[in-house]
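Taken in order, these protein sequences are the chains called D and F. Mapping of the first sequence onto the working numbering: position 32 corresponds to residue 50, and the numbering continues sequentially without gaps. Mapping of the second sequence onto the working numbering: position 44 corresponds to residue 46, and the numbering continues sequentially without gaps. Ideal Cβ positions, reconstructed from N, Cα and C, are used throughout, including at glycine. These notes are about the structure you will find just below.
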Amino acid sequence: MTASVPVTAGLFELGADGSGHLLGGWCAACARYHFPATTSCPYCSAEGCETRRLGERATLCLFTTVVNRPPGYSGEVPFGFGVVELPEGLQIIARLTETDAARLAFGAPMRLTFVPLHLDDEGRQVISYAFAPLEPT
Amino acid sequence: MTAAVEIAGVGIHSFGRFAEQTVVDLGVAAVRAALRDAGIGRGEFQAAFCGTVYSGVAAGHKVLTALGMTGIPIVNVEAGCASGGAALGLAVEAIRSGRCDCVLAFGMEKMPKGIIRSSFFEPWREAAGMAVTPAYFALRAQRLMRDAGVTREHLAYVSVKNHRNGVDNPHAMFRKPFTLDAVLASPVVCPPLTLYMLCSPNEGAAAVVLRRASGERAGRVTVRAAALRSHLPGSVLGEHTPMCGLPDDAITSPTGLAARAAYAEAGVGPEDLDVVELQDTDSARELLSCEELGLCAAGDAGRMIDERRTDMGGPLPVNPSGGLLSKGEPLGASALGQIVELYWQLRGAAGPRQVPGAKLALGHTVGRGANASVIVLSR
């Protein structure tokens with residue numbers, strides 16, 4: 019089995035069993051989360067945000083399908099693409115594992131997963147985060 | 003009392019594909035046409051502002067170098083899809099401040115085909131397949147369908163309407179009418195959006211000469227407002243394409259902010275407008291723009307289309323030029339292309355596209371940054 023590497027550092031962390039967590043920023047000044055984590059709060063401008071794990075469950079807000087390979091991307095198409103809301107009161111842009119928009123619905127429960135993108139120069143599998151329907155479709 | 007600013011002349015290089023011409027060639031053509039229209043030449047404008055995104059270093063300088071019209075301050079302005087609007091706004095301010103009597107605003111672009119590749123996105127977002135602009139458009143379209151009674155047929159109709167208008171525009175890239183069925187049956191790009199519901203990035207240039215209004219002039223067109231705004235934080239589908247947002251639908255969009263500022267500056271409201279050119283990068287964007295500009299109530303975009311309110315002959319024609327759906331979108335030129343069209347509309351010189359008796363007009367662009375520009379003109 020080839021090693022998996024995140025598409026960029028700081029976006030999510032992976033456990034030994036393949037599970038993982040997205041990493042968000044928490045602003046103590048305005049008590050809100052953002053993603054990806056940054057030290058300055060993008061909402062209230064306060065400094066000193068801390069990095070926290072975000073929940074693995076979400077609800078689906080909006081969804082579409084990417085049919086044509088977008089610029090700078092060498093992975094597979096089609097793939098799902100949408101907005102999910104996390105329990106922390108945060109909406110994030112995410113890939114979806116379901117490619118058929120007709121099989122998705124507003125408010126559907128979703129769970130965090132990881133999807134392969136491409137192999138890097140050292141032959142390692144580069145992965146990114148995605149959300150999958152909680153119930154098998 | 004600040005000085006009134008009038009449009010002295012306009013020029014355009016048609017929007018389309020021009021393999022034999024450089025971006026500087028396009029800019030030169032538009033600037034020459036505008037100066038000729040204004041009846042002025044070298045030494046008769048005191049500053050120039052050039053809107054462009056992809057033309058590289060000092061592109062505006064290269065245009066004016068080719069024309070032998072340098073020595074004045076030349077500033078290149080990048081504000082995404084609103085670059086031309088930003089250039090016009092700076093030109094207006096240069097006159098209102100009393101620093102200049104006559105200023106040139108122009109914009110040009112030469113863009114590759116297909117989905118726009120933008121250095122705006124970090125490389126990892128491209129590698130993750132998340133630098134996919136039409137997917138963001140599609141999510142906004144789905145939100146409109148969820149919240150504003152908009153159907154796929156409404157989206158298709160916007161494209162039908164704009165392509166019908168574009169048939170009469172010699173400066174448009176696409177001059178062929180489409181049926182509703184043809185739009186719906188065109189290839190799906192990102193559902194609910196099909197190919198014919200999306201505009202094409204392309205090539206073109208536009209230029210506007212502004213001067214301080216003095217004395218009497220028949221049919222004078224004045225710039226009543228030129229507002230530029232960026233986004234407020236927190237909107238997950240904002241044009242700044244963030245990775246996150248807050249579950250709050252009440253965050254005013256950059257278009258809403260710019261519109262509010264422009265209406266206040268001009269002392270008018272959306273109900274006073276006679277003709278509008280607005281951002282229709284995709285069909286849903288036109289409807290969203292209508293809501294954000296106050297041309298219809300929030301949630302009423304579907305009904306506005308059902309009632310054909312924005313058709314030629316309707317109470318408020320939108321995109322009589324054919325919009326970006328017909329013209330294509332050369333980023334730096336698109337906002338000024340709208341101003342060229344609206345100037346002709348207000349002068350009664352728009353030929354078969356003329357909105358009869360138009361006296362008050364609005365131009366709107368919005369995009370990457372986020373940036374939104376709203377310009378109000380009156381005769």
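(request) Kindly list the residues whose CB is nearer than 6 angstroms to the CB of alanine 55 of chain D, restricted to its own chain and excluding five residues on each side of it in sequence; keep chain order. (result) Leu41, Gly42, Gly43, Thr69
(message) What are the residues in the region 138-151 of chain D lying within 8 angstroms of chain F by C-beta distance?
(response) Val144, Ser146
(request) Pick out whichever of F:Gly315, F:His233, F:Gly304, F:Gly13 has its Cα sitting closest to the Cα of valine 152 of chain F. (result) F:Gly304
(message) Here's a check: name, in chain order, each residue in its chain whose Cβ is nearer than 6 angstroms to the Cβ of glutamate 267 of chain F, leaving out the five neighbours to either side.
(response) Ala227
(message) Any beta carbon of chain B sitting closer than 8 angstroms to that of tryptophan 126 of chain F?
(response) Judged by its chain identifiers, the structure shown contains no chain B, and its protein chains are D and F.
(request) Assign phenylalanine 124 of chain D to buried or exposed, taking buried as 16 or more other Cβ atoms, counted over all protein chains shown, within 10 Å of its Cβ. (result) Phenylalanine 124 of chain D counts as exposed, since fewer than 16 other beta carbons sit within 10 angstroms of its beta carbon.
(request) Just the chain D side, please: which residues come within less than 7 angstroms of cysteine 192 of chain F by C-beta, in chain order? (result) Thr82, Thr83, Val84, Val85
(request) Flag this pair as yes or no: are the beta carbons of asparagine 171 of chain F and methionine 113 of chain F separated by less than 8 angstroms? (result) Their beta carbons are not under 8 angstroms apart, which means asparagine 171 of chain F does not touch methionine 113 of chain F by this criterion.
(request) For glutamate 162 of chain D, decide whether its Cβ has a neighbour in chain F, counting only Cβ atoms nearer than 8 angstroms. (result) Nothing in the structure corresponds to residue 162 of chain D, since chain D is present only between 19 and 155.
(request) Name, please, each residue of chain D whose Cβ falls closer than 8 angstroms to the Cβ of valine 33 of chain F. (result) Per Cβ cutoff of 8 angstroms: no residues; valine 33 of chain F is ~31 angstroms from chain D at best.
(request) Pull up the DSSP beta-bridge partners for asparagine 204 of chain F, would you. (result) According to DSSP, asparagine 204 of chain F bridges with nothing at all.
(request) Give the secondary structure of proline 272 of chain F by DSSP, where H, G and I count as helix, E and B as strand, and everything else as coil. (result) helix
(request) From the DSSP output, in three-state form, read off isoleucine 97 of chain F for me. (result) The answer is helix: DSSP assigns isoleucine 97 of chain F an H, G or I state.
(request) Let me know the secondary structure DSSP gives threonine 67 of chain F once reduced to three states. (result) If DSSP states are grouped into helix, strand and coil, threonine 67 of chain F belongs with the helices.
(message) At the level of alpha carbons, what is the spacing between aspartate 149 of chain F and histidine 52 of chain D?
(response) Whole-angstrom Cα-Cα distance: 25 angstroms.
(request) May I ask you to report which of helix, strand or coil DSSP gives tyrosine 91 of chain D? (result) coil
(request) Name the residue from F:Ala335, F:Gly330, F:Leu338, F:Cys292 whose alpha carbon lies nearest to the alpha carbon of proline 319 of chain F. (result) With distances taken between Cα atoms, proline 319 of chain F lies closest to F:Cys292.
(request) Could you confirm whether any beta carbon from chain F is found closer than 8 angstroms to the beta carbon of phenylalanine 132 of chain D? (result) no
(request) Rounded to whole angstroms, what's the CA-CA distance from valine 162 of chain F to glycine 116 of chain F? Just pull it up for me. (result) 21 angstroms
(request) Just mark arginine 178 of chain D as buried or exposed, buried being the case when its beta carbon has 16 or more other beta carbons within 10 Å. (result) Lying outside 19 to 155, the shown extent of chain D, residue 178 of chain D is not represented and no answer is given.
(message) Let's test the definition: count the other Cβ atoms within 10 Å of the Cβ of arginine 219 of chain F and tell me whether it reaches 16, buried, or not, exposed.
(response) exposed
(message) Beta-carbon within less than 8 angstroms of serine 120 of chain F's beta-carbon, same chain only, minus the 5 sequence neighbours each way: which residues are those?
(response) Ala133, Thr135, Arg370
(request) Within the same chain, show all residues whose beta-carbon is closer than 6 angstroms to that of proline 365 of chain F, passing over the 5 residues directly before and after it, in chain order. (result) With the sequence shown as reference, residue 365 of chain F is identified as glycine, and proline is not the correct amino acid for it. Counting only Cβ-Cβ distances below 6 angstroms, and skipping sequence neighbours, we find Glu279, Gln340, Ile341, Leu344, Ile377.
(request) Check whether the Cβ atoms of leucine 122 of chain D and leucine 78 of chain D sit closer than 8 angstroms, and answer yes or no. (result) yes
(message) Does the contact criterion of 3 or more C-beta pairs under 8 angstroms hold for the region 42-56 of chain F versus the region 78-87 of chain F?
(response) When Cβ pairs closer than 8 angstroms are counted between the two stretches, the region 42-56 of chain F is seen to touch the region 78-87 of chain F, the count reaching three or more.
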